[in-house]
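Notes to accompany the following structure.
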Amino acid sequence: MSEMGRRQFLAGSGAALVPGIGLAVPAGAQGSRTGAVATPDTLSAEVGMAVLRRGGNAVDAAIAIALALAVTYPEAGNIGGGGFMTGLVRGRPWFLDYRESAPRAATETMYQAADGSVMDGWSLVGNLAAGVPGTVRGLWDAHRRFGTRPWGELVEPAIALARDGFDPPAQMVRIRDDAQRDLGGANRLGGRFNAMAAGQVFRQPELADTLTRIARQGPDGFYAGETADLIVAQMARGMPRGIITAADLAAYRARWRRPIEGRWRGLGVITAPPPSSGGIALMQLLTMKALRDDLFAGVPHNSSRYIHLMAELCKRVFADRAQYLGDPDYWQVPVARLLDRAYLARRAGGIDPLRPSPTPSIRPGLERPQTTHFSVVDGAGNAVSNTYTINGWYGSGVVVEGAGFLLNNEMDDFSSAPGVPNQFGVVGGAANAIAPGKRPLSSMTPTILTRDGAPWLVLGSPGGSRIITTVFQVIANVVDHQMDLASAVAAQRFHHQLLPEDTIFTEPFGSGADPRVEAELTAMGYRLQMQDYVGDVAAIGRDVSGSPIVAPDPRARGAGRIATVDAR
Ligand code: GLY
63 MSEMGRRQFL
73 AGSGAALVPG
83 IGLAVPAGAQ
93 GSRTGAVATP
103 DTLSAEVGMA
113 VLRRGGNAVD
123 AAIAIALALA
133 VTYPEAGNIG
143 GGGFMTGLVR
153 GRPWFLDYRE
163 SAPRAATETM
173 YQAADGSVMD
183 GWSLVGNLAA
193 GVPGTVRGLW
203 DAHRRFGTRP
213 WGELVEPAIA
223 LARDGFDPPA
233 QMVRIRDDAQ
243 RDLGGANRLG
253 GRFNAMAAGQ
263 VFRQPELADT
273 LTRIARQGPD
283 GFYAGETADL
293 IVAQMARGMP
303 RGIITAADLA
313 AYRARWRRPI
323 EGRWRGLGVI
333 TAPPPSSGGI
343 ALMQLLTMKA
353 LRDDLFAGVP
363 HNSSRYIHLM
373 AELCKRVFAD
383 RAQYLGDPDY
393 WQVPVARLLD
403 RAYLARRAGG
413 IDPLRPSPTP
423 SIRPGLERPQ
433 TTHFSVVDGA
443 GNAVSNTYTI
453 NGWYGSGVVV
463 EGAGFLLNNE
473 MDDFSSAPGV
483 PNQFGVVGGA
493 ANAIAPGKRP
503 LSSMTPTILT
513 RDGAPWLVLG
523 SPGGSRIITT
533 VFQVIANVVD
543 HQMDLASAVA
553 AQRFHHQLLP
563 EDTIFTEPFG
573 SGADPRVEAE
583 LTAMGYRLQM
593 QDYVGDVAAI
603 GRDVSGSPIV
613 APDPRARGAG
623 RIATVDAR
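So for the sequence shown, our numbering puts the first residue at 63; every next one is plus one.
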């Protein structure tokens, strides 16, 4: 990457502190009120920018983007799923957990047959795979605490998109086709999604009606009344029957939690606490990497040695993840011990720079790789990093009849049978066993890096367990390899998670990559498993003037927008 790119991203110190999005702003740029959004599609980016231009803050924009994505990005955007929001408002970090919860009738063995074997697909496809959705309650709670624009105004763009329709991008149609195959049948998603075709306006009138109820009644438009009745009625259709009840919906609550906070190479890190594994894993990776700077010294980016060293860090982190992490309301997660420097120094101490260490017996979890992320900053220096999900593309494949939205299959993020791998290799222990009301362990890692207390890099990604390694690599690319943000996001990514043993998942070694890398890794004993792409980052940084720069991921259909907004 160029020296100019490096200077652009790593804005110089010694500039004045002003209450703007970029902290260090040269005197001439003081007072600029610039906001930015990086989202997984163009329509939601426009919705977010319109909110900022109207004087809404980052949280207002995030709410409108999330609701718009429930319409324009149905494969992962949602009101039938859940997620996490990491925020920085008026200099204060916070975290909102609106993860789905297990219905009250859920049991530890609900996906097992009498002989203890796991029932094929039950935690993935159909009504029984769905956890109680958290998105609407989460967005509402974020609005009550931080919102400045009327709730109905933030829902309105989503209603219009559902009612009036839009041209579905080719990638959206392709993902629908893939999802239908995975979900076990071309008709699974019902008439409207089946008929969706490139070049034909895609309208979702039932979803427009549901969103209208949410606009008028807030969470009661979803968790009570007509929408709740439609969800409960849906549970009785098809086999196996679902178990979400009216009482489950009425009882659902989002939770404000203390984010994981740390410091790394002079930057503040604000990221996701349990029930996500993401924040702890990210801090462990960053800390161990810094503790082993000796091993990384002079090692070229994405060389075989580099990928091996990163995989060694990941191996240790994913072993901890499988053993210790679960919903903190049900399981005591030893957060402080997991982040203790002396502990991490011991963990990283045994890395052999040339050979993979033998895979220990502790086994990690694997997750469905689809989810979606967006980042927002406003002109007052507030930031939101939001990752939310229905788990697989199109979730459980269940569209609530009459309500027009998809239900998640988040129950699959629990260990279906503790200690016993299911068809996707998901294994885990008691920490992530199913219990009524419990949240399944997640890897979502919505993160904000700060410099002198102000947002410096806002980012996150979909990708199941790959989220953790994706966010880690982008941060390392920016800070340790001094890439400009676009290059840091675009660079080839790889992933390792302890199991499958000595396997490195990697994007194709693109042009410019050293052709020897693949052969060298194989010679070290690694198996390489190619996948089309690892993660889909939506990131906002700042340039040398303190203004935001956006870097949606070139891998998918992400979009970024920057606008100077009127001072309020
Ligand atoms: N369902 C993906 C995650 O929560 O990590």
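The beta-carbon is built from N, C-alpha and C at its ideal position, and this holds for glycine as well. Please read all numbers here as calculations on a predicted model, not as lab measurements.
Going by DSSP, what residues sit across from N40 in a beta bridge?
No answer is possible for residue 40: it lies beyond the span of the chain, which begins at 63 and ends at 630.
Using a Cβ-based criterion (distance less than 7 Å to any ligand heavy atom), does M147 qualify as near the ligand GLY?
no
Report the start-end ranges of each beta strand (DSSP E) in the region 277-365 that is 3 residues or longer and not cut off at the edges.
317-319, 322-326, 329-333
How close, in whole Å, do the beta carbons of G304 and M297 come, if the pair is a contact with beta carbons under 8 Å?
3 Å
Identified DSSP bridge partners for V194:
S163
Per DSSP, what kind of secondary structure is V461 in: helix, strand or coil?
strand
Check whether the Cβ of G139 sits closer than 7 Å to any heavy atom of the ligand GLY, and report yes or no.
no
Are the CB atoms of L114 and G97 within a distance shorter than 8 Å?
yes
Tell me the residue span of the alpha helix (DSSP H) that contains A601.
Element bounds for A601: not the alpha helix (DSSP H) but the beta strand (DSSP E), 600-604.
For Y368, the nearest candidate out of D159, M586, L521 (CA to CA):
M586
Nearest candidate by alpha-carbon position, reference L245, set L273, G188, G622:
G188
So who's on the other strand from H631, going by DSSP bridges?
With the chain running from 63 to 630 in the structure shown, residue 631 is simply not present.
Where L503 and D159 are concerned, what is the direct C-alpha to C-alpha distance, given to the nearest angstrom?
12 Å
Taking 7 Å as the line, does the beta carbon of M350 fall inside it for any heavy atom of the ligand GLY?
no
DSSP on W202, reduced to helix/strand/coil?
helix
For the region 463-476 against the region 153-170, are there 3 or more C-beta pairs whose distance is under 8 Å?
yes
Between A120 and K500, what straight-line distance do the alpha-carbon atoms span, to the nearest angstrom?
30 Å
Between T421 and the ligand GLY, is there a pair consisting of the residue's CB and a ligand heavy atom that are separated by less than 7 Å?
Because no heavy atom of the ligand GLY lies under 7 Å away, the Cβ of T421 does not count as near it: no.
Just reading off the beta strand (DSSP E) that Q591 is part of, what are its end residues?
Q591 -> beta strand (DSSP E) spans 589-592.
For V551, collect the residues of the same chain with a Cβ closer than 7 Å to its Cβ; drop the 5 residues on either side in sequence, then sort them by chain order.
V536, V599, A601, A613, D615
Rounded separation between Q266 and L129 - CA only:
14 Å
Would you check if the region 322-333 and the region 503-518 touch, i.e. whether three or more CB-CB distances between them fall below 8 Å?
yes
For the region 430-444 and the region 122-137, state whether three or more C-beta atom pairs, one from each stretch, are separated by less than 8 Å.
yes
State yes or no: is the C-beta of N453 nearer than 7 Å to some heavy atom of the ligand GLY?
Yes.
For A107, which residues from the same chain have a beta carbon less than 7 Å from its beta carbon, with the 5 sequence-adjacent residues on both sides left out?
So the list reads V99, T101, A621, G622, R623, once near-sequence residues are dropped.
Helix, strand or coil for V536? Go by DSSP, reduced to three states.
helix
Could you tell me the distance, in whole angstroms, from the CA atom of M592 to the CA atom of L348?
25 Å
Which one or two residues does DSSP pair with G274 in a beta bridge?
Looking at the sequence provided, one finds Thr at residue 274 rather than Gly. Per DSSP, none; premise fails for T274.
I need the straight-line Cα distance from D355 to R383, nearest angstrom please.
23 Å
Count the other CB atoms within 10 Å of the CB of W318; is the residue buried (16 or more) or exposed (fewer)?
exposed
Would DSSP call L131 helix, strand or coil?
helix
Can we say the region 266-286 touches the region 197-205, given the rule of at least three CB pairs closer than 8 Å?
yes
Which one of Y588, G341, V180 has the shortest CA to CA distance from S366?
Y588
Could you check the C-alpha separation between F476 and G454 for me, to the nearest Å?
14 Å
Simplified DSSP assignment, three categories, for D615:
coil
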